[in-house]
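Beneath this line is the structure, given in structure tokens, with notes to follow.
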Ligand code: AMP
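Numbering (our numbering), first residue to last: 82 to 293.
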């Protein structure tokens, strides 16, 4: 990777709709419409900046190993991945939501071990350990809201925005684990080697966040 070139990994999906306008304000614009393309890597208006568009869970991995210099990823995925392998210099204050426990409406308290279904297994382990609650962890990759109704779990740990998904499935939010928003992460070596380029991009993004 050339030291004059910056690779920024973005999270594909709904978060892109909030990230791209912010990047545009920071003068980083993809050369083509990302939503209409099957490509995974995009040129931008800046000859030395390229965008990768990958799954959110993979963004910390790409940045930690230096295959991307910077990344945009939700705090939920950073907490799950572990946030030691990179710097986290900027909160973009977009794609805000909450990581919460949730369970059936008016459920009776469970005696003994709690069955918890989630894709955020590290976060759930840590959270319930801190509460002194013993759990059986059930890893699911989607449709978590189904687990309590099907008897698979007493409780879930999931992202909540409006709460409508929970409500539609007979669940209610219980305890707040963390507030979530999208963050910029930076590879530690890139921060040194490409400092002036990264500082410029961070400042442009910081200004865009302040004006948002
Ligand atoms: P809601 O029904 O508005 O509470 O949205 C809940 C669902 O939308 C969750 O199960 C998530 O999968 C998804 N979601 C909402 N906001 C975000 C976000 N900022 N980042 C990732 N997923 C989200």
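Quick reminder that beta carbons are idealized off the backbone N, C-alpha and C, glycines included.
Between residue 255 and residue 85, the alpha-carbon positions lie close to 48 Å from each other.
Taking the C-beta atoms as reference points, residue 160 is found no nearer than 8 Å to residue 90.
If you compare the alpha carbons of 197, 269 and 240 with that of residue 234, the shortest gap goes to 197. In the structure shown, the three-state DSSP call for residue 137 is helix. According to the DSSP assignment, residue 154 belongs to the beta strand (DSSP E) that extends over 151 to 155.
A distance of 8 Å or more separates the beta carbons of residue 283 and residue 133. Comparing C-alpha distances from residue 162 to each of 192, 143, 118 and 178 shows the shortest one belongs to 143.
For the options 219, 109 and 269, the alpha carbon positioned closest to that of residue 232 is the one of 219. Residue 273 and residue 247 have their alpha carbons spaced roughly 44 Å apart. Here residue 238 carries a strand assignment [DSSP, helix/strand/coil].
In this model, residue 212 and residue 206 are separated by some 10 Å (Cα to Cα). Between the alpha carbons of residue 127 and residue 279 lies a distance of about 13 Å. Residue 247: member of the alpha helix (DSSP H) spanning 245 to 249, first to last residue. Nearest C-alpha to residue 271 among 150, 199 and 208: 150.
Annotation for residue 156 indicates a beta carbon at 7 Å or more from all heavy atoms of ligand 1.
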